[in-house]
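So for the sequence shown, the numbering used here puts the first residue at 79; every next one is plus one. C-beta: ideal position from N, C-alpha, C; glycine also. Here the structure comes first, spelled out in structure tokens, and everything after it is commentary.
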Amino acid sequence: MEEEQIKQLIVGRDGIKRQIEMLKNTVIKMEKELKTLSSTIYANCTHIWIREPYCYEACGSRNHICKICRCYPYS
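What follows is the structure in structure tokens.
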């Protein structure tokens with residue numbers, strides 16, 4: 079291989095490494111945003127959530143019911 083080709087391969091490899099690092103950082107940022115959104119949505123109940131279409135009085139959400147609220151709907 080010529081020296082110029084080797085240099086181009088190294089530059090290409092380094093560019094790919096930078097892109098992978100940027101993607102990792104983007105994923106980490108998105109995960110943090112998702113956690114923030116989730117905690118905002120479920121702020122009315124600190125229990126463990128499962129999807130069900132009732133338990134609005136206990137949890138404050140029409141779309142979710144928690145395992146504890148299902149057992150004790152008006153606690």
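Close beta carbons around residue i, own chain, < 6 Å, minus the five adjacent residues each side
i: K95; result: none
i: E81; result: none
C-alpha gap between residue i and residue j, whole angstroms
i: I106; j: T114; result: 12 Å
i: I98; j: L87; result: 16 Å
i: E109; j: K102; result: 11 Å
i: Q83; j: T104; result: 31 Å
i: L112; j: G93; result: 29 Å
Coil, strand or helix - residue i by DSSP
i: E80; result: coil
Chain-order list of residues whose beta-carbon lies under 8 Å from that of residue i (same chain, five-residue window excluded)
i: M100; result: none
Neighbour-count burial assignment, residue i, 16 or more Cβ in a 10 Å radius
i: G90; result: exposed
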